[in-house]
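A.B. asks: Here it is, the structure in full.
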Amino acid sequence: MKFLFEILKQNSVSGDESKTSEFILKYIAQRKKRWKVLPEIYSGEDFHDCILLKFGEPRTAVFAHIDTIGFMSRYNNQLISIGGPEIIEGTSLVGEDSLGEISCKLAGDENNISHDFPRGIDPGTRLSFAQNIRIDEEFIQAAYLDNRLGVYSALELCENISDGWVVFTTYEEHGGGSMPFLLKFIQETAPVKQALISDITWITEGVQFHQGVVISIRDKFIPRKKFIDKIIRLAKESGIPFQLEVEEYGGSDGREVQFSPYAIDWCFIGAAEENVHSPDEKVSLSDFEAMLKIYPYLLERL
Numbered sequence: 380m381k382f383l384f385e386i387l388k389q390n391s392v393s394g395d396e397s398k399t400s401e402f403i404l405k406y407i408a409q410r411k412k413r414w415k416v417l418p419e420i421y422s423g424e425d426f427h428d429c430i431l432l433k434f435g436e437p438r439t440a441v442f443a444h445i446d447t448i449g450f451m452s453r454y455n456n457q458l459i460s461i462g463g464p465e466i467i468e469g470t471s472l473v474g475e476d477s478l479g480e481i482s483c484k485l486a487g488d489e490n491n492i493s494h495d496f497p498r499g500i501d502p503g504t505r506l507s508f509a510q511n512i513r514i515d516e517e518f519i520q521a522a523y524l525d526n527r528l529g530v531y532s533a534l535e536l537c538e539n540i541s542d543g544w545v546v547f548t549t550y551e552e553h554g555g556g557s558m559p560f561l562l563k564f565i566q567e568t569a570p571v572k573q574a575l576i577s578d579i580t581w582i583t584e585g586v587q588f589h590q591g592v593v594i595s596i597r598d599k600f601i602p603r604k605k606f607i608d609k610i611i612r613l614a615k616e617s618g619i620p621f622q623l624e625v626e627e628y629g630g631s632d633g634r635e636v637q638f639s640p641y642a643i644d645w646c647f648i649g650a651a652e653e654n655v656h657s658p659d660e661k662v663s664l665s666d667f668e669a670m671l672k673i674y675p676y677l678l679e680r681l
């Protein structure tokens with residue numbers, strides 16, 4: 380869990396993912412020689428802070444976004460949301476501009492968000508929730524479990540897979556944008572017909588804590604039933620606890636897979652959280668463990 384704690388402390392509000400990308404690349408450089416298969420690594424300016432790892436002869440790609448929701452400073456102490464953060468009066472925010480580090484409180488409501496920092500903040504500065512990681516025997520609670528847990532799961536997958544793409548994307552929380560060029564590169568380099576989205580979903584009346592990893596049948600978008608049925612069959616065979624999600628709203632990098640010009644099936648698979656997009660996101664450790672187990676099982680058999 381040490382690496383998870385470290386990555387939870389990295390700030391990467393949408394559009395400002397470079398430091399987190401460098402952090403992940405450093406981790407990959409340290410770990411890759413211990414992996415079952417040494418991947419080909421694609422990163423740098425041509426990929427806008429995204430990272431692609433190609434293992435063997437891929438049949439399936441796994442996508443995990445490295446950006447988070449947050450805020451951007453405007454003028455006169457105003458803030459603008461990036462993604463869909465919960466607006467909670469008094470929430471601690473952190474960041475850095477040309478004059479130094481920033482630690483302040485959020486004020487206002489969804490129609491008029493501001494900060495209480497004693498000086499003006501450079502326009503365009505990104506602010507994140509201040510991190511406070513809490514863990515006990517049942518739960519982990521922190522800011523940005525969405526999608527640090529998805530990133531952690533994707534990196535754990537790298538330890539033992541033989542064939543597949545593992546891809547770390549950007550911009551997901553604020554409309555997407557990196558997936559089209561990533562999919563084009565994948566399909567021109569080592570094409571796939573299947574994709575799994577390593578991300579975090581919601582606790583609802585039908586999705587509960589301690590019931591296993593969530594396989595999403597639909598959110599706002601609807602993947603192909605034939606592929607979802609295959610995923611569910613394999614999940615049943617695995618013996619790994621899972622639950623099914625059917626929602627009317629929400630989205631992920633799966634949206635851009637479905638909207639792409641490529642015939643790629645996709646499925647969102649991840650643990651569920653409470654207090655979504657807040658400083659207090661909460662995930663069951665047993666559900667997260669099921670998430671870590673199901674990805675290598677599926678990648679070997681898809």
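The number in the numbering used here is simply the position in the sequence shown, starting from 1, with 379 added. All residues carry an ideal CB built from backbone N, CA and C; glycine is no exception. On a predicted model such as this, the values are computed, not experimentally measured, just so you know.
(1) Spatial neighbours of Ser617 within its chain, please: CB distance less than 6 Å, with the 5 preceding and 5 following residues excluded, ordered by chain position.
(2) Quick check: the Cα distance between Phe402 and Gly435, rounded to an integer number of angstroms?
(3) Taking C-alpha atoms, which residue in Ile540, Glu396, Ile459 lies nearest to Ala486?
(4) What are the start and end residues of the beta strand (DSSP E) that includes Asn491?
(5) On the three-state DSSP scale, how would you describe Thr549?
(6) Helix, strand or coil: which one does DSSP assign to Arg634?
(7) Roughly how many whole angstroms lie between the Cα atoms of Pro437 and Leu671?
(8) Verify whether the separation of the beta carbon atoms of Phe588 and Ser657 is less than 7 Å.
(9) Please work out which residues of its chain come closer than 7 Å, Cβ to Cβ, to Lys661, disregarding the five sequence neighbours upstream and downstream, and give them in chain order.
(10) In whole angstroms, what separates the C-alpha of Thr580 from that of Glu468?
(11) Is it true that the segment 407-423 meets the segment 530-550, where meeting means three or more beta-carbon pairs spaced less than 8 Å apart?
(12) Quick one: using the 10 Å Cβ neighbour count with 16 as the cut-off for buried, is Leu478 buried or exposed?
(13) Does the beta-carbon of Ile582 have 16 or more other beta-carbons within 10 angstroms, so that it is buried, or is it exposed?
(14) Going by the beta-carbon positions, is the gap between Ser639 and Leu575 smaller than 7 Å?
(15) Who does Val662 pair with in a DSSP beta bridge?
C.D. replies: The short version:
(1) Taking the sequence shown and counting its residues from 1, the one referred to as residue 617 is at position 238. The residues are Tyr676.
(2) As a working mapping, residue 402 is identified with position 23 in the sequence shown. As a working mapping, residue 435 is identified with position 56 in the sequence shown. Between Phe402 and Gly435, the C-alpha separation is close to 24 Å.
(3) Here residue 486 refers to the residue found at position 107 when the sequence shown is read from its first residue. The candidate whose alpha carbon is nearest that of Ala486 is Ile459.
(4) Position 112 of the sequence shown holds residue 491. That run of the beta strand (DSSP E) goes 491-494.
(5) Counted from its first residue, the sequence shown places residue 549 at position 170. If DSSP states are grouped into helix, strand and coil, Thr549 belongs with coil.
(6) If you number the sequence shown from 1, residue 634 lands on position 255. Residue state, collapsed to three classes: helix.
(7) If you number the sequence shown from 1, residue 437 lands on position 58. If you number the sequence shown from 1, residue 671 lands on position 292. Distance between the alpha carbons of Pro437 and Leu671: 20 Å.
(8) For this step, residue 588 is matched to residue 209 along the sequence shown. For this step, residue 657 is matched to residue 278 along the sequence shown. One thing to note: Phe588 has its Cβ no nearer than 7 Å to the Cβ of Ser657.
(9) In the sequence shown, residue 661 corresponds to position 282, counting from 1. Once the five neighbours on either side are set aside, the close Cβ partners of Lys661 are Phe518, Gln520, Glu652, Glu653, Asn654.
(10) The residue you call residue 580 lines up with position 201 of the sequence shown. The residue you call residue 468 lines up with position 89 of the sequence shown. The straight-line gap from Cα to Cα measures roughly 24 Å.
(11) yes
(12) Along the sequence shown, read from residue 1 onward, the residue named residue 478 stands at position 99. Counting Cβ neighbours within 10 Å, Leu478 comes out exposed, since fewer than 16 surround it.
(13) Locating residue 582 in the sequence shown gives position 203, counting from the first residue. Flag for Ile582 reads buried.
(14) Start at 1 with the first residue of the sequence shown, and residue 639 comes out as number 260. Start at 1 with the first residue of the sequence shown, and residue 575 comes out as number 196. For Ser639 and Leu575, no; Cβs fall outside 7 Å.
(15) Within the sequence shown, the letter at position 283 stands for residue 662. Note: Val662 sits in a beta bridge opposite Ile519, Glu652.
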